[in-house]
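S.K.: So that we are looking at the same thing, I have put the structure below in C-alpha cells.
2 protein chains.
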Amino acid sequence: MQIIYKIMKNESDTTITGRITRALADRIISGDIAPGTKLRQDHFAEEFGASHVPVREAFRRLEAQGLVVSEPRRGVRVASFDIAEVREVAEMRASLEVLALRHAAPHLTSAILDEAEAINRAGENAPDVRAWEEANKAFHRIILEPCNMPRLMATIDDLHAASARFLFSGFRMEWEAPTDQDHRAILRALQEHQFDVAAATLARHVKWIGTKTGAKRHMRAPS
Amino acid sequence: MQIIYKIMKNESDTTITGRITRALADRIISGDIAPGTKLRQDHFAEEFGASHVPVREAFRRLEAQGLVVSEPRRGVRVASFDIAEVREVAEMRASLEVLALRHAAPHLTSAILDEAEAINRAGENAPDVRAWEEANKAFHRIILEPCNMPRLMATIDDLHAASARFLFSGFRMEWEAPTDQDHRAILRALQEHQFDVAAATLARHVKWIGTKTGAKRHMRAPS
DNA sequence: AGATTCATTTTTATAGATAATTTTGAATTG
DNA sequence: CAATTCAAAATTATCTATAAAAATGAATCT
Numbered sequence: 000m001q002i003i004y005k006i007m008k009n010e011s012d013t014t015i016t017g018r019i020t021r022a023l024a025d026r027i028i029s030g031d032i033a034p035g036t037k038l039r040q041d042h043f044a045e046e047f048g049a050s051h052v053p054v055r056e057a058f059r060r061l062e063a064q065g066l067v068v069s070e071p072r073r074g075v076r077v078a079s080f081d082i083a084e085v086r087e088v089a090e091m092r093a094s095l096e097v098l099a100l101r102h103a104a105p106h107l108t109s110a111i112l113d114e115a116e117a118i119n120r121a122g123e124n125a126p127d128v129r130a131w132e133e134a135n136k137a138f139h140r141i142i143l144e145p146c147n148m149p150r151l152m153a154t155i156d157d158l159h160a161a162s163a164r165f166l167f168s169g170f171r172m173e174w175e176a177p178t179d180q181d182h183r184a185i186l187r188a189l190q191e192h193q194f195d196v197a198a199a200t201l202a203r204h205v206k207w208i209g210t211k212t213g214a215k216r217h218m219r220a221p222s
Numbered sequence: 000m001q002i003i004y005k006i007m008k009n010e011s012d013t014t015i016t017g018r019i020t021r022a023l024a025d026r027i028i029s030g031d032i033a034p035g036t037k038l039r040q041d042h043f044a045e046e047f048g049a050s051h052v053p054v055r056e057a058f059r060r061l062e063a064q065g066l067v068v069s070e071p072r073r074g075v076r077v078a079s080f081d082i083a084e085v086r087e088v089a090e091m092r093a094s095l096e097v098l099a100l101r102h103a104a105p106h107l108t109s110a111i112l113d114e115a116e117a118i119n120r121a122g123e124n125a126p127d128v129r130a131w132e133e134a135n136k137a138f139h140r141i142i143l144e145p146c147n148m149p150r151l152m153a154t155i156d157d158l159h160a161a162s163a164r165f166l167f168s169g170f171r172m173e174w175e176a177p178t179d180q181d182h183r184a185i186l187r188a189l190q191e192h193q194f195d196v197a198a199a200t201l202a203r204h205v206k207w208i209g210t211k212t213g214a215k216r217h218m219r220a221p222s
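Each protein sequence line maps, in turn, to chains A and B.
Quick note: the first sequence uses numbering that gives the first Met the number 0, first residue 0, plus one each step.
Quick note: the second sequence uses numbering that gives the first Met the number 0, first residue 0, plus one each step.
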C-alpha cells in the first residue's frame, strides 16, 4: 500500500527536478534541515550531481508548498514557523478535511473502512514518530480520497506536510505510539452512517493535533 | 488602495521570473490563452527578451497554482477545467472564506466595513466583467484579511484566480454589473455582529458564483 | 578600540550551448 | 489504401559559462 502510494507520486522521478524536490521536501519535513537554514543551490547541485538549474526549479516548487521562503537575490531558506502558523494549518486542515469527508462519505464502502481500520492498527503499533505519521497520513487519505476532488486533496496533502513538520519538530525524542481513540471514533461513526458525528470528530481531532504538537516551542532561524 | 495592493505583491517584480509569472497568470486567467494551449518556453523567452530559464521557473510556479499542467519532457499546457472543478473550487472557497471570516470578524472595524461598502459600490458601477471581478476580489479580501492568517489568504487568492478563470470563460460577451445583494447582506450582518449569518451568506454566495459561472460549457483542449 | 569604507569573495540570477526525447511526416510494406 | 517503421525536425531538459548582486573581512580613520 505504501508502495502503491509511492508509485502514484512517481511522475516526479522521471525528471531531476522532481527527484531533488522530493529529497529536499523530505529533509525539511523530517527536520533534517532546520528552519532558517540557507539552502545554497551549488551545494545541492553538487550533491545530486546536477547543475543548479534543476535545483532552482525545485526551489520554486518548495516555495509554492510553503516549505522554503525565497528572498530575491538573497537565495532561499527553510521556512520558519511559530505557534500561530501551527494553529493556522490545523484550522485549514479541519475545514478542508471536513469538506472532503462530506463528499467522500457517500462513496465509502465497507472495504475501504476495513482497510482504514487496518492502517489505524498499523499506526498504533508504529515503532517511531515517522512510521506513526505515515500511518496517520494514510488513514486520513484513505477515507477522504473518495471525495473525488483532486485539487482539494492536493491542498490537504500540502497541509499534511506542514503538520508533519510541526509534529517532527515537537516530538523528536520522547514519543510512544498512542491508541488513536479519535480515529476509532471516526470509523465507528462512518460505519453507522452518522456523518455529522464523523465530521465533528475529525475537525476536533485535527485541531487537537495542532494545539498539542507545536505548542511548546517556536522554530525560527538561529538568528 | 489598488496601488497599495500592487506594491504589496511587487516582491515579484524585482526578478524576471516574477514578471513572467505574473504576465502569464494574467493571460491565462483572463482567457487570453485558451485551456489546453501548449506553452513553448522558447516562444516566451523571446517575447520577454529573456532566456528560457526564468520562463521554466515561471512555469513551475504556475503549475503550483494549478494554472498549467506539466508533463515531463512534453512541456506544459494551460490547465483545462470542467464543471466538476468549478464546483470543487467553489466549495473550497466557501469553506476557507468562512474560516477566514470567523477569525477576521473580531478585528473588523467600522472603517473597514465602510471601505468594503465603497468597494462594493465601485463593483456595481463596473463597466466590464474584468473591473467587476477586480472589485469582487477586493471586497472579499478586505473583509477577510484581518484574520491574520497569511497561508490561508494565499490559498484563498489562488482559488480566487481559478474562480476568475471560470468567470471570464463563461461571461465573456454578454454581461452587466449586478447590484450585489449578497455583498450587502454580508456587510449588514457584519455591522450588526451577526457573524453566523454573515458566514452562512458568504458560503452561499461563493457557491452560487460557482454554479452559475461555469455551468454551461467545459473548457478543454481543442484536442 | 570601535566603527566605517572599500575591495575581495561568495552566491545568486541569467544567458548561451548541448544533449536527449518526443513529435512529425514521408517512405515502405502488407 | 491503411498501417507501420524510420529518419528529420522541433522542443524540452540539462549543463557550462557569464554577469550581477550581496556578504565578508581587512584596512583605514576617528
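The beta carbon of each residue, even a glycine, is placed where N, CA and C say it ideally should be.
#1: Any residues in the region 43-65 of chain A with a beta carbon nearer than 9 Å to a beta carbon of chain B? Which ones, in chain order?
#2: Classify residue 68 of chain A as buried or exposed, calling it buried when 16 or more other Cβ atoms lie within 10 Å of its own Cβ.
#3: Could you tell me the distance, in whole angstroms, from the CA atom of residue 205 of chain A to the CA atom of residue 39 of chain B?
#4: If you compare alpha carbons, which of A/13, A/92, A/48 and A/139 is closest to residue 182 of chain A?
#5: Find out if the Cβ-Cβ distance for the pair residue 97 of chain A, residue 165 of chain A is shorter than 8 Å.
#6: Closer than 7 Å by C-beta to residue 227 of chain A: which residues in its own chain qualify, once you throw out the five before and the five after it? Chain order, please.
#7: Applying a beta-carbon distance threshold of less than 7 Å, which residues of chain B neighbour residue 151 of chain A?
#8: On the criterion of 16 or more Cβ atoms from any shown chain inside 10 Å, does residue 136 of chain A qualify as buried, or is it exposed?
#9: If you follow the alpha helix (DSSP H) that residue 79 of chain A is in, where does it begin and where does it stop?
#10: Name the residue from A/130, A/143, A/200 and A/13 whose alpha carbon lies nearest to the alpha carbon of residue 105 of chain A.
#11: Got a sec: is the Cβ-Cβ distance from residue 34 of chain A to anything in chain B below 8 Å?
#12: Starting from the Cα of residue 146 of chain A, find the closest Cα among B/59, B/52 and B/83 and give me that residue.
#13: Out of B/89, B/76, B/30 and B/123, state which residue places its alpha-carbon closest to the alpha-carbon of residue 157 of chain B.
#14: Taking 7 Å as the cut-off, is the beta-carbon of residue 162 of chain B closer than that to any non-hydrogen atom of the ligand NAD?
#15: Could you confirm whether any beta carbon from chain B is found closer than 8 Å to the beta carbon of residue 6 of chain A?
#16: Taking the C-alpha atoms as reference points, what is the distance between residue 121 of chain A and residue 192 of chain A?
#17: Taking residue 13 of chain A as the query, report the chain B residues whose CB atoms sit under 8 Å from its CB, ordered along the chain.
#18: Tell me which residues of the region 129-154 of chain A have at least one Cβ-Cβ distance to chain B shorter than 7 Å, keeping chain order.
#19: Could you please tell me which residues of the region 90-110 of chain B, in chain order, have their CB closer than 7 Å to any CB of chain A?
#20: Against chain B, does residue 84 of chain A count as a neighbour if the rule is that its beta carbon must be under 8 Å from one of theirs?
#21: Quick check on residue 7 of chain A: does DSSP put it in helix, strand or coil?
#22: Measuring alpha carbon to alpha carbon, tell me which residue in B/133, B/148, B/149 and B/73 is nearest residue 159 of chain B.
#23: Am I right that residue 76 of chain A and residue 35 of chain A are in contact with their C-beta atoms under 8 Å? What's the rounded C-beta distance?
#24: What span of residues does the beta strand (DSSP E) with residue 69 of chain B cover, start to end?
#25: Report buried or exposed for residue 13 of chain B, applying the criterion of at least 16 other Cβ atoms within 10 angstroms of its Cβ.
#26: Here's the rule I'm using: 16 or more other beta-carbon atoms within 10 Å means buried, otherwise exposed. How should residue 50 of chain A be labelled?
M.R.: In brief:
#1: 52, 55, 56, 57, 58, 59, 60, 62, 63, 64 and 65
#2: Position 69 of the first sequence, counting from 1, holds the residue named residue 68 of chain A. Exposed is the call here.
#3: Residue mapping note: residue 205 of chain A aligns to position 206 of the first sequence, counting from 1. Residue mapping note: residue 39 of chain B aligns to position 40 of the second sequence, counting from 1. So the alpha carbons of these two residues sit roughly 42 Å apart.
#4: Here residue 182 of chain A refers to the residue found at position 183 of the first sequence. Ranking A/13, A/92, A/48 and A/139 by Cα distance to residue 182 of chain A puts A/139 first.
#5: Taking the first sequence and counting its residues from 1, the one referred to as residue 97 of chain A is at position 98. Taking the first sequence and counting its residues from 1, the one referred to as residue 165 of chain A is at position 166. Cβ distance not < 8 Å, so residue 97 of chain A and residue 165 of chain A don't count as in contact.
#6: Given that chain A is displayed from residue 0 to residue 222, the structure contains no residue 227 of chain A and the question cannot be resolved.
#7: As a first step, residue 151 of chain A must be located in the first sequence, where it is residue number 152. Result: 87 and 91.
#8: The sequence position of residue 136 of chain A within the first sequence is 137, counting from 1. The residue is buried, with at least 16 neighbouring Cβ atoms inside 10 Å.
#9: Position 80 of the first sequence, counting from 1, holds the residue named residue 79 of chain A. Run containing residue 79 of chain A: none; DSSP gives neither H nor E here.
#10: Here residue 105 of chain A is taken as the residue at index 106 of the first sequence, counted from 1. Here the closest residue by C-alpha is A/143.
#11: Stepping through the first sequence from its first residue, residue 34 of chain A is reached at position 35. No - not a single Cβ of chain B is within 8 Å of the one on residue 34 of chain A.
#12: Translated into positions along the first sequence, residue 146 of chain A becomes position 147. For the residues B/59, B/52 and B/83, the minimum Cα distance to residue 146 of chain A belongs to B/83.
#13: In the second sequence, the residue the question calls residue 157 of chain B occupies position 158. Of the listed residues, the one whose Cα sits closest to residue 157 of chain B is B/89.
#14: With respect to small molecules bound, the structure shown includes none, and the ligand NAD cannot be examined in it.
#15: The count along the first sequence starts at 1 and reaches residue 6 of chain A at position 7. Summary for residue 6 of chain A: the model assigns pLDDT 33, below 50, so the residue's position carries little reliability; its value from the coordinates is reported in the next sentence. Chain B contact via Cβ: absent.
#16: Residue numbering aside, residue 121 of chain A sits at position 122 when the first sequence is read from its first letter. Residue numbering aside, residue 192 of chain A sits at position 193 when the first sequence is read from its first letter. Answer to the nearest angstrom: the Cα atoms are 24 Å apart.
#17: On the first sequence, position 14 is the one that residue 13 of chain A refers to. Within 8 Å Cβ-Cβ: 71 and 72.
#18: 148, 150, 151 and 154
#19: 90, 91, 94, 95 and 98
#20: Here residue 84 of chain A refers to the residue found at position 85 when the first sequence is read from its first residue. Yes, because at least one Cβ of chain B sits closer than 8 Å to the Cβ of residue 84 of chain A.
#21: As a first step, residue 7 of chain A is located in the first sequence; it is residue number 8 there, counting from the start. Unreliable placement is indicated for residue 7 of chain A, whose pLDDT of 37 sits below 50; the coordinate value is still reported in the next sentence. Here residue 7 of chain A sits in helix by DSSP.
#22: As a position in the second sequence, residue 159 of chain B is number 160, starting the count at 1. Closest by alpha carbon: B/133.
#23: The residue labelled residue 76 of chain A in the question sits at position 77 within the first sequence. The residue labelled residue 35 of chain A in the question sits at position 36 within the first sequence. Right, their Cβ atoms sit about 6 Å apart.
#24: Taking the second sequence and counting its residues from 1, one reaches residue 69 of chain B at position 70. Its beta strand (DSSP E) spans residues 67-70.
#25: In the second sequence, counting from the first residue as 1, residue 13 of chain B sits at position 14. With fewer than 16 other Cβ atoms within 10 Å, it is exposed.
#26: Residue 50 of chain A sits at position 51 when you count from the first residue of the first sequence. So residue 50 of chain A counts as exposed.
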